[in-house]
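Colleague:
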């Protein structure tokens, strides 16, 4: 897929509105829609990189650095008791959007995601979503990032 | 769990033999036993860090740096067509060993891991394993690391 047709490039460029919770020189993080759980984030490089084989190492580590920060924030801001990091490369591995993305999935005692699975596998019940719910989660995360909660 | 009873600390210290394929000042990578797929690796910090909330950021990024290198190597050395990175924090998230570990799971066209799942979820058929199979996979990965395949 050309970068100018890539949905994640559209988000990075600000042409597709999302709840952005973190951004630095290398990566942007925003709420995944639909989410696996409340506060489910994607961390993506600003540049169009297909997967772990095409992303430069410094951008991959920048994504992990952001995930590390955000994992701390979502525990404090949203009350998550667990976090899954997931990063899929290649169709066989379940990659569905071909711009490198690192999932940061908050886990809650009452969520319905299987322990060993990512979102979308049954039994899975979508959490409350919608613009207002996303705004509330994003505001809490942004406040945690600003406060240096992690 | 105290660090002196941690199974991953035992591996880092060399008291529990594993097929180590990569090591640097911060992290060690070795074959997971049992594997989800041939060449399934764990990248762990040398220091005892429970999870993403207790590992320093520079060690988390060192783990991603190693995974980035190894993802390239396993594609070249083992013929993987996909790779899943998985890192679980907290019992609710499926963490079972409480020393930070980043799974690097090669994916093959004929593997039996569900696209959205990690190993252990049905339907899952263990790949060929045993000391000889592990040695062959590890030798191929070590040769790739040494050759700078990635």
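Residue numbers (our numbering), protein chains in the order written: chain D, 1 to 150; chain Y, 1 to 150.
Virtual Cβ for every residue (Gly too), placed ideally from N, Cα, C.
Computed from a prediction, not measured in an experiment: that's the story for all the values here.
So, for residue 111(Y): in the same chain, excluding its five sequence neighbours on each side, which residues have a beta-carbon less than 6 Å away from its beta-carbon?
Modeller: So the qualifying residues of the chain are 37.
Colleague: Per DSSP, residue 42(Y) is paired with what?
Modeller: Answer is 30(Y) and 103(Y), bridged to residue 42(Y).
Colleague: From the DSSP secondary-structure annotation, give me the bridge partner or partners of residue 83(Y).
Modeller: Bridge partners of residue 83(Y): 89(D) and 106(Y).
Colleague: Assign residue 18(Y) to one of two classes, buried (16 or more other C-beta atoms within 10 Å of its C-beta) or exposed (fewer than that).
Modeller: By the neighbour-count rule (16 or more Cβ atoms within 10 Å), residue 18(Y) is buried.
Colleague: Going along chain D, which residues have a C-beta under 7 Å from residue 107(Y)?
Modeller: Within chain D, the residues near residue 107(Y) are 90, 92 and 93.
Colleague: Would you give the residue range spanned by the beta strand (DSSP E) that residue 20(Y) belongs to?
Modeller: Segment 20 to 23, the beta strand (DSSP E) holding residue 20(Y).
Colleague: Looking at residue 7(D) and residue 97(D), is the spacing between their C-beta atoms short of 8 Å?
Modeller: Their beta carbons are under 8 Å apart, which means residue 97(D) touches residue 7(D) by this criterion.
Colleague: With a cut-off of 8 Å, do at least 3 Cβ pairs link the region 73 to 81 of chain D to the region 137 to 144 of chain D?
Modeller: Verdict: yes, contact present.
Colleague: The alpha helix (DSSP H) that contains residue 145(Y), what's its start and end?
Modeller: 131 to 147 is the span of the alpha helix (DSSP H), which, as asked, contains residue 145(Y).
Colleague: How should residue 16(D) be labelled, buried or exposed, when 16 other C-beta atoms within 10 angstroms of its C-beta is the threshold for buried?
Modeller: Under this definition residue 16(D) is an exposed residue.
Colleague: To the nearest angstrom, how far is the alpha carbon of residue 60(Y) from that of residue 42(Y)?
Modeller: Rounded to the nearest angstrom, the two C-alpha atoms are 13 Å apart.
Colleague: Which residue wins for smallest C-alpha separation from residue 48(D), given the options 130(D), 82(D) and 101(D)?
Modeller: When only C-alpha atoms are compared, the closest one is 101(D).
Colleague: Restricting to Cα atoms, I'd like to know which of 44(D), 10(D), 99(D) and 57(D) is closest to residue 21(D).
Modeller: For the residues 44(D), 10(D), 99(D) and 57(D), the minimum Cα distance to residue 21(D) belongs to 44(D).
Colleague: Residues of the region 74 to 87 of chain D with a CB closer than 7 Å to any CB of chain Y: list them in chain order, please.
Modeller: From the region 74 to 87 of chain D, only 75, 81, 82, 83, 84, 85, 86 and 87 have a Cβ closer than 7 Å to chain Y.
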